[in-house]
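Colleague:
2 protein chains.
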Amino acid sequence: MPEDKFLKKTRPISTHTQVCAVIGNPVAHSLSPAIHNAAFAALDLDFVYVAFRVENVASALSGMRALENFRGLSITIPHKMEAMKHVDHVEEVDRHIGSINTVISENGNLLGLGTDGPGALKALMDAGVEIAGKQILMIGAGGAARAIAFTLARQGRPAAIFLLDINKPVLNQLAADLAAKTDTPVLSGQMTDAALRDAMAQADIVIHCTPTGMHPREGVSLVPPSLFRPGQAVFDVVYTPLETRMLADARAKGLQVISGVEMFINQAVLQFERFTGVDAPVEVMRMVVMAHLGKSAK
Amino acid sequence: MPEDKFLKKTRPISTHTQVCAVIGNPVAHSLSPAIHNAAFAALDLDFVYVAFRVENVASALSGMRALENFRGLSITIPHKMEAMKHVDHVEEVDRHIGSINTVISENGNLLGLGTDGPGALKALMDAGVEIAGKQILMIGAGGAARAIAFTLARQGRPAAIFLLDINKPVLNQLAADLAAKTDTPVLSGQMTDAALRDAMAQADIVIHCTPTGMHPREGVSLVPPSLFRPGQAVFDVVYTPLETRMLADARAKGLQVISGVEMFINQAVLQFERFTGVDAPVEVMRMVVMAHLGKSAK
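If you're matching them up, the sequences are chains A and B in order. Residue -5 is where the first sequence starts when you use our numbering, and the numbers rise one by one after that. Residue -5 is where the second sequence starts when you use our numbering, and the numbers rise one by one after that.
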């Protein structure tokens, strides 16, 4: 295993060891234990990270509150919305997004927050993509889009966000929520060939937030290559494969591309920093993610 | 640290890793994480054992029920009685004892049981002490005495159990419960010099179940050395120090002595076997206990 070199440094578990975990259903394929334990070991922190399949979120969070030394949770599908109902405090932006992926226990007081949106923003910033004043096209208006759109609208100062989705109620809800809770101009349209063509003609940054192109249904893209224009940056939240068909097409056109794996790494990095209060060993975490995704891609 | 040699073998934590923990208040000085993690590592089992200080036992157990992969708990002071109220099933003998020190989660169904009494029985048997047909004197009728007396009465077939305590209600309750729920003849008397002298004159096995002689108030014993008789076996539940004043006095008289540390090791061994379903690496667990107790005794 690639993280073996870090595990050699693993501290003995003591009565003071802080416990973190991912809860979801299923959780068997989660990379989070491998990522966070490698990071704890790299910094010699007295933490351990495990995985719990959970059906009853309320009881799981009640248990977290009662079990001192239980420091943090990563919340994954299908509990990201439900978990928000059972914590004591949720950041305002996360209330608007409507889901959380992180719970921190501070002396039995549970704080819920999201790192998916900030993880995406960090991925764009790390790639040098300028957001302020730019036209952003979001393809898909589901949970990932909500997290990213709210974060960019509130922290990135884009010129406008344009939303496309085939699901009109979902689309209208996100457009209305963004308009009500942020100062960013928001446009939206039902996803059609014509709407996509028009939107692509104006977009500086294209963010794909649907599962299209995800393993095992790789090789498909919602964006015909002919629609890409010079100067655009293209970000795909899908990270299996690491380079989707959409990103490969954009790269072939000479555009800057950002893989969803950067958002995935960064959401874990930001969680780690909330769990521990120290800077995350980003390259260690990246190495674990890449080793696992590379392996599973074979 | 003495267990370092085992930790080198520690498995990477995965999404399948089974979690065990001790809950109590306080838990900072518990040896259980060191003991069980060394044993998991020695057998290369995919388990990890942590410690949680807990005030709300009901919520902690509710959480355990919800968090799949949470396999087992050691319950310590002050939760041994309260925990029994929040599990789904308690073994009959443990209902009579009135406390549990172990909870096992079987698919979210919580089973409570005690290993203190069986741990004491195993300590006596491992030392070759015959219980069947023998007169047993128990000094002290509190929680440890209840667990040991019920276990010996139901599994050891002693000729009789004689109980002594200064606390009359506690004494009478245990005597009545043993008489009602076991076939073993039970006698009891309030602890006085005369009562102790008479009881010691008849006892084959002397079991001390009070905190007298425990660190930091070492050097005291409830039994004057002159009362020990040839052929008696003397067992002290106190294990700090490893040899109490009572045991040192009995040993000086040539009697067989059994330290409470054997009960402590065995209760952990029996828990481990319930957690994992495999035979415990007893010598590994003993080595960890002895290393920690030897260290703290310095």
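For every residue, glycine included, the Cβ atom is placed at its ideal position computed from N, Cα and C.
With A/Gly136 and A/Val164 assumed to form a contact (beta carbons below 8 Å), what rounded beta-carbon distance in angstroms separates them?
Modeller: As a working mapping, residue 136 of chain A is identified with position 142 in the first sequence. As a working mapping, residue 164 of chain A is identified with position 170 in the first sequence. A/Gly136 to A/Val164, Cβ: 6 Å. Contact.
Colleague: Using the DSSP secondary-structure output, state which residues sit across from B/Cys203 in a beta bridge.
Modeller: If you number the second sequence from 1, residue 203 of chain B lands on position 209. In the DSSP output, where bridge partners are listed per residue, B/Cys203 has none listed.
Colleague: In the DSSP output, which residue or residues are listed as bridge partners for A/Ala227?
Modeller: As a first step, residue 227 of chain A is located in the first sequence; it is residue number 233 there, counting from the start. DSSP output for A/Ala227 lists A/Ile199 and A/Gln250 as bridge partner(s).
Colleague: Spell out a yes or no on whether the region 40 to 49 of chain B and the region 126 to 145 of chain B are touching, meaning 3 or more CB-CB pairs, one atom from each, closer than 8 Å.
Modeller: No: fewer than three Cβ pairs fall under 8 Å.
Colleague: Please list, in chain order, the chain A residues whose beta carbon lies closer than 8 Å to that of B/Thr11.
Modeller: Locating residue 11 of chain B in the second sequence gives position 17, counting from the first residue. Result: Pro27, Val44 and Ala45.
Colleague: Whole angstroms is fine: what's the gap from A/Tyr233's alpha carbon to A/Gln12's?
Modeller: Taking the first residue of the first sequence as 1, we reach residue 233 of chain A at position 239. Taking the first residue of the first sequence as 1, we reach residue 12 of chain A at position 18. When rounded, the distance between both Cα atoms is 30 Å.
Colleague: Quick one, which of A/Val228, A/Pro275, A/Asp230 and A/Arg239 has its alpha-carbon nearest A/Glu212's?
Modeller: Start at 1 with the first residue of the first sequence, and residue 212 of chain A comes out as number 218. Checking every option, the nearest Cα to that of A/Glu212 belongs to A/Arg239.
Colleague: Quick one: which chain A residues come within Cβ less than 8 Å of B/Ala22?
Modeller: Your numbering for residue 22 of chain B matches position 28 in the second sequence. Residues of chain A passing the Cβ test: Thr9 and His10.
Colleague: Work out the CA separation of B/Phe269 and A/Gly108 for me, nearest whole Å.
Modeller: Walking along the first sequence from the start, residue 108 of chain A turns up at place 114. Walking along the second sequence from the start, residue 269 of chain B turns up at place 275. Cα to Cα, A/Gly108 sits roughly 35 Å from B/Phe269.
Colleague: What residue range does the beta strand (DSSP E) around A/Gly213 cover?
Modeller: For the purposes of this step, residue 213 of chain A is taken as the residue at position 219 of the first sequence. Here A/Gly213 belongs to no beta strand (DSSP E), and DSSP marks it neither H nor E.
Colleague: Name the chain A residues whose beta carbon is nearer than 7 Å to that of B/Glu62?
Modeller: On the second sequence, position 68 is the one that residue 62 of chain B refers to. Phe46, Arg47 and Val48, listed in chain order.
Colleague: Is A/Ala60 helix, strand or coil by DSSP?
Modeller: Against the first sequence, residue 60 of chain A aligns to sequence position 66. Residue state, collapsed to three classes: helix.
Colleague: Sort B/Leu25, B/Ile7, B/Leu104 and B/Arg5 by Cα distance to B/Met284 and report the nearest one.
Modeller: Sequence index remark: in the second sequence, residue 284 of chain B carries index 290 (1-based). Ranking the options by Cα distance to B/Met284, first place goes to B/Leu25.
Colleague: Can you check which of these residues, B/Thr176, B/Ala138, B/Leu168 and B/Gly134, is closest to B/Ala153 by C-alpha distance?
Modeller: Along the second sequence, one-based indexing puts residue 153 of chain B at 159. Looking at the Cα atoms, B/Thr176 is the closest of the given residues.
Colleague: Please say whether A/Val263 and A/Ile281 have beta carbons closer to each other than 8 Å?
Modeller: Residue mapping note: residue 281 of chain A aligns to position 287 of the first sequence, counting from 1. Residue mapping note: residue 263 of chain A aligns to position 269 of the first sequence, counting from 1. Note that residue 281 of chain A is Met in the sequence shown, not Ile. Not a contact, by the Cβ cut-off of 8 Å.
Colleague: Report yes if the CB atom of B/Gly122 is closer than 8 Å to the CB atom of B/Ser99, and no otherwise.
Modeller: Taking the second sequence and counting its residues from 1, the one referred to as residue 122 of chain B is at position 128. Taking the second sequence and counting its residues from 1, the one referred to as residue 99 of chain B is at position 105. The answer is no: Cβ separation not under 8 Å.
Colleague: For B/Asn31, report the span of its alpha helix (DSSP H) as first-last.
Modeller: The residue given as residue 31 of chain B occupies position 37 in the second sequence. Here the alpha helix (DSSP H) through B/Asn31 covers Ser26 to Ala36.
Colleague: Give the DSSP-derived three-state secondary structure of A/Lys(-1) in the structure shown.
Modeller: The residue labelled residue -1 of chain A in the question sits at position 5 within the first sequence. Legend: pLDDT at A/Lys(-1) = 48, less than 50; position of this residue unreliable, value from coordinates given subsequently. DSSP places A/Lys(-1) in helix when its eight states are reduced to three.
Colleague: If we call anything under 8 Å between Cβ atoms a contact, is B/Gly111 one with B/Ala141?
Modeller: Translated into the one-based positions of the second sequence, residue 111 of chain B becomes position 117. Translated into the one-based positions of the second sequence, residue 141 of chain B becomes position 147. Closer than 8 Å, so yes.
Colleague: Could you tell me the boundaries of the beta strand (DSSP E) in which B/Gly111 lies?
Modeller: The residue you call residue 111 of chain B lines up with position 117 of the second sequence. Run containing B/Gly111: none in the beta strand (DSSP E); it sits in the alpha helix (DSSP H), Asp110 to Asp120.
Colleague: From B/Ala139 to A/Gly288, what distance separates their C-alpha atoms?
Modeller: Taking the second sequence and counting its residues from 1, one reaches residue 139 of chain B at position 145. Taking the first sequence and counting its residues from 1, one reaches residue 288 of chain A at position 294. Going from the Cα of B/Ala139 to the Cα of A/Gly288 covers about 59 Å.
Colleague: Identify the contact partners of A/Ala59 in chain B, using a Cβ-Cβ distance below 7 Å as the criterion.
Modeller: Here the question's residue 59 of chain A lines up with position 65 in the first sequence. The question names Ala, yet the displayed sequence has Arg at residue 59 of chain A. Neighbours of A/Arg59 on chain B, chain order: Ser53.
Colleague: Nearest chain B C-beta to A/Ser56 closer than 8 Å, yes or no?
Modeller: Within the first sequence, residue 56 of chain A is the residue found at index 62, counting from 1. Answer yes: the Cβ-Cβ gap between A/Ser56 and chain B drops below 8 Å somewhere.
Colleague: Return the CA-CA distance between B/Val251 and B/Ser220, expressed in angstroms with no decimal places.
Modeller: Working through the second sequence from its first residue, we reach residue 251 of chain B at position 257. Working through the second sequence from its first residue, we reach residue 220 of chain B at position 226. One C-alpha to the other measures close to 16 Å.
Colleague: Identify which residue in A/Leu216, A/Thr186, A/Asn31 and A/Val228 has its Cα closest to the Cα of A/Thr206.
Modeller: Indexing the first sequence from 1 puts residue 206 of chain A at position 212. Per the Cα distances, A/Leu216.
Colleague: Give a yes or no on whether 8 Å exceeds the smallest Cβ distance from B/Asn260 to chain A.
Modeller: On the second sequence, residue 260 of chain B is found 266 positions in, with the first residue counted as 1. Not an interface residue.
Colleague: Taking only the alpha-carbon atoms, compute the straight-line gap between B/Val87 and B/Ala143 and give it to the nearest angstrom.
Modeller: Along the second sequence, one-based indexing puts residue 87 of chain B at 93. Along the second sequence, one-based indexing puts residue 143 of chain B at 149. One C-alpha to the other measures close to 11 Å.
Colleague: Secondary structure at B/Asn19, three-state DSSP: helix, strand or coil?
Modeller: Start at 1 with the first residue of the second sequence, and residue 19 of chain B comes out as number 25. Three-state result, B/Asn19: coil.
Colleague: Compare the Cα-Cα distances from B/Lys79 to each of B/Gly92, B/Phe156 and B/Leu115 and report the closest residue.
Modeller: Your numbering for residue 79 of chain B matches position 85 in the second sequence. Residue B/Gly92 is the option with its Cα nearest to B/Lys79.
Colleague: Who pairs with A/Met240 in a beta bridge, going by DSSP?
Modeller: Position 246 of the first sequence holds residue 240 of chain A. DSSP lists no partner for A/Met240.
Colleague: May I have a chain-ordered list of the alpha helix (DSSP H) segments no shorter than 4 residues that lie completely inside the region 133 to 206 of chain A?
Modeller: You should have 137 to 149, 162 to 175 and 187 to 196.
Colleague: Looking only at C-alpha atoms, which of A/Ser53, A/Leu115 and A/Ala22 sits nearest to A/Glu256?
Modeller: Taking the first sequence and counting its residues from 1, the one referred to as residue 256 of chain A is at position 262. When only C-alpha atoms are compared, the closest one is A/Leu115.
Colleague: What number of angstroms, rounded off, separates the C-alpha of A/Lys74 from the C-alpha of A/Leu39?
Modeller: What you label residue 74 of chain A is simply residue 80 of the first sequence in a count that begins at 1. What you label residue 39 of chain A is simply residue 45 of the first sequence in a count that begins at 1. Going by the C-alpha atoms only, they are around 27 Å apart.
Colleague: Determine, using beta carbons only, whether B/Pro275 comes closer than 8 Å to chain A.
Modeller: On the second sequence, position 281 is the one that residue 275 of chain B refers to. So no, B/Pro275 is outside the interface.
Colleague: B/Gln265: which of B/Asn19, B/Asn31 and B/Leu168 sits nearest, CA to CA?
Modeller: Translated into positions along the second sequence, residue 265 of chain B becomes position 271. Considering only alpha carbons, the answer is B/Asn31.
Colleague: Along the chain, where does the alpha helix (DSSP H) containing B/Arg47 start, and where does it finish?
Modeller: The sequence position of residue 47 of chain B within the second sequence is 53, counting from 1. B/Arg47 -> not in any alpha helix (DSSP H); beta strand (DSSP E) instead, spanning Phe41 to Arg47.
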